[in-house]
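22 is the number of the first residue of the sequence shown in our numbering; add one for each residue after it. Every residue, glycine too, gets a C-beta built ideally from N, C-alpha and C.
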Amino acid sequence: FGFLRSLRDIVSALAASVVPVFNAFFILLLVICVYAIVGVTYFYEEAAADFATFDLAFVALFRVAAGDAWIESLPVHTPSGGVAAGPVAFLFTFIVIVAWTL
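Following this line, the structure appears as structure tokens:
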């Protein structure tokens with residue numbers, strides 16, 4: 022019954038990894054909550070489709086973190102054709118922190 026020992030090792034390794042994975046997921050949710058609050062504070066008028074309320078902002082940012090969608094309602098260009106530094110910095114730092122770091 023040597024396969025039972027290796028199976029026990031696999032199960033114990035999986036059980037030991039549950040807490041660290043939960044901690045990483047909790048940190049991810051905390052960062053998304055902070056960015057959702059900042060997004061609602063600064064972009065609720067410009068991008069009401071995604072940042073009118075906290076729950077809309079949370080879902081939009083979670084979709085960006087998962088790589089599912091992009092926030093299209095956030096204006097990244099100024100009316101004169103330049104780049105809006107605030108929304109670009111907001112999304113860039115979010116992607117760097119969430120997608121690349123966590």
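Mapping the DSSP letters down to three states, classify Ser97 as helix, strand or coil. Inspection of the sequence shows that residue 97 is occupied by Val rather than by Ser. Residue state, collapsed to three classes: coil.
Quick check: the region 48-68 against the region 77-96, are there 3 or more CB pairs under 8 Å? When C-beta atoms of the region 48-68 are compared with those of the region 77-96, three or more pairs fall below 8 Å, so the two segments count as touching.
Apply the 10 Å Cβ neighbour rule to Leu82 and answer buried if 16 or more other Cβ atoms are within range, or exposed otherwise. With 16 or more other CB atoms across the displayed protein chains lying within 10 angstroms of its CB, Leu82 is buried.
Chain-order list of residues whose beta-carbon lies under 7 Å from that of His98 (same chain, five-residue window excluded): Sequence-distant Cβ neighbours of His98 in its own chain, meaning closer than 7 Å and more than five residues away, are Val104, Ala105.
Cβ neighbours of Asp71 in the same chain (closer than 7 Å, five flanking residues each side left out): In chain order, Leu77, Ala78, Ala81, Ile92, Ser94, Leu95 place their CB closer than 7 Å to the CB of Asp71, counting only its own chain and leaving out the 5 sequence neighbours on each side.
From the DSSP output, read off the bridge partner residues of Val104. According to the DSSP secondary-structure assignment, Val104 is paired through a beta bridge with His98.
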